[in-house]
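Trainee: Dropping the structure in here first, questions after.
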Amino acid sequence: GAGVSQSPRYKVAKRGQDVALRCDPISGHVSLFWYQQALGQGPEFLTYFQNEAQLDKSGLPSDRFFAERPEGSVSTLKIQRTQQEDSAVYLCASSPTRRADTQYFGPGTRLTVL
Amino acid sequence: DQQVKQNSPSLSVQEGRISILNCDYTNSMFDYFLWYKKYPAEGPTFLISISSIKDKNEDGRFTVFLNKSAKHLSLHIVPSQPGDSAVYFCAASAMIYNQGGKLIFGQGTELSVKP
Chain Z
1 GAGVSQSPRY KVAKRGQDVA LRCDPISGHV SLFWYQQALG QGPEFLTYFQ
51 NEAQLDKSGL PSDRFFAERP EGSVSTLKIQ RTQQEDSAVY LCASSPTRRA
101 DTQYFGPGTR LTVL
Chain R
1 DQQVKQNSPS LSVQEGRISI LNCDYTNSMF DYFLWYKKYP AEGPTFLISI
51 SSIKDKNEDG RFTVFLNKSA KHLSLHIVPS QPGDSAVYFC AASAMIYNQG
101 GKLIFGQGTE LSVKP
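For the record, the sequence lines run as chains Z and R.
Just so you know, we're using this note's numbering here: the first sequence kicks off at 1 and counts up by one.
Just so you know, we're using this note's numbering here: the second sequence kicks off at 1 and counts up by one.
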């Protein structure tokens, strides 16, 4: 498949557990974004990578959220000590350029924290 | 502070008629606008975009209009088809951010096209 893929598609965690969400962007895409989408809302920006460099993490809601893209391809969003308010769909998007451009989204990971 | 607003949470139109979805923004630095379509349990799918140097962009049944002075854009779908039923998101970005253009999304409008 040529699109953005994410895994797992669904994740249920108990409050306090750590979770890791994976994103495989479109091959060759330079830019990678993470967004959080709460029920009934539009996606909200979390963080941005240009190749392996994390250039913007202004949207991460707390220091419990951490993202990496060590080789400039696959990215992982990690949430430590999950809380109920972390329940949301986490979307990954990639873009072929370094500038404002069309972003292509994966299907998302739905995280439910009990 | 909602920088991108879609004030209509839902819209219902008859098959074959025009669907008009509206979006307002407040940040005058936005210079690139996109519309995405989203089905349940799927990620947003890119539909059409427009740069601030244009006021209209057309792709098949989809046309996006940009009115910079009013900070308003709209998506026209003609003719509407039942398969167009989905949630539509307006999004904006700014080159000035110079960091890949993170997207600011509206809240979405759920379009229902009745056969």
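For each residue, glycine too, the CB sits at the ideal point set by N, CA and C.
1) Mind checking Ile-79 of chain Z: buried by the 16 CB within 10 Å criterion, or exposed?
2) Output needed for Gln-17 of chain Z: all residues of its chain with C-beta closer than 6 Å, excluding positions within five of it in sequence on either side, in chain order.
3) Alpha carbon to alpha carbon, how far is Pro-70 of chain Z from Glu-52 of chain Z?
4) Using a Cβ cut-off of 7 Å (strictly closer), state whether Glu-42 of chain R contacts chain Z.
5) Name the DSSP beta bridge partners of Gln-41 of chain Z, please?
6) Please tell me whether Tyr-116 of chain R and Lys-56 of chain R are closer than 7 Å, where the distance is taken between their beta carbons.
7) Should Pro-43 of chain Z go down as buried or exposed, given a rule of 16 or more other Cβ atoms within 10 Å for buried?
8) Taking 7 Å as the CB-CB cut-off, is Phe-62 of chain R touching chain Z?
9) Would you verify that the beta carbon of Gly-108 of chain R is, or is not, closer than 7 Å to some beta carbon of chain Z?
10) For Asn-7 of chain R and Phe-105 of chain R, I'd like the C-alpha separation in whole angstroms.
Mentor: According to the data block:
1) Locating residue 79 of chain Z in the first sequence gives position 79, where the first residue counts as 1. If you draw a 10 Å sphere on the C-beta of Ile-79 of chain Z, you find 16 or more other C-beta atoms in it, and that means buried.
2) Here residue 17 of chain Z refers to the residue found at position 17 of the first sequence. Only Thr-82 meet the Cβ criterion.
3) Locating residue 70 of chain Z in the first sequence gives position 70, where the first residue counts as 1. Locating residue 52 of chain Z in the first sequence gives position 52, where the first residue counts as 1. When rounded, the distance between both Cα atoms is 5 Å.
4) The residue you call residue 42 of chain R lines up with position 42 of the second sequence. Chain Z, which has a Cβ nearer than 7 Å to the Cβ of Glu-42 of chain R, makes this yes.
5) Residue numbering aside, residue 41 of chain Z sits at position 41 when the first sequence is read from its first letter. Partner(s): none; Gln-41 of chain Z has no beta bridge.
6) This structure cannot settle anything about residue 116 of chain R, because the visible part of chain R is limited to 1 through 115.
7) To locate residue 43 of chain Z, count along the first sequence from 1; it is residue 43. Around the C-beta of Pro-43 of chain Z, 16 or more other C-beta atoms lie within 10 Å, and the residue is accordingly described as buried.
8) By one-based count along the second sequence, residue 62 of chain R stands at place 62. So, not an interface residue.
9) Here the question's residue 108 of chain R lines up with position 108 in the second sequence. Yes, Gly-108 of chain R lies at the interface with chain Z (some Cβ there is under 7 Å from its Cβ).
10) Position 7 of the second sequence, counted from the start, is the residue given in the question as residue 7 of chain R. Position 105 of the second sequence, counted from the start, is the residue given in the question as residue 105 of chain R. Across the structure, Asn-7 of chain R and Phe-105 of chain R are spaced so that their CA atoms are roughly 13 Å apart.
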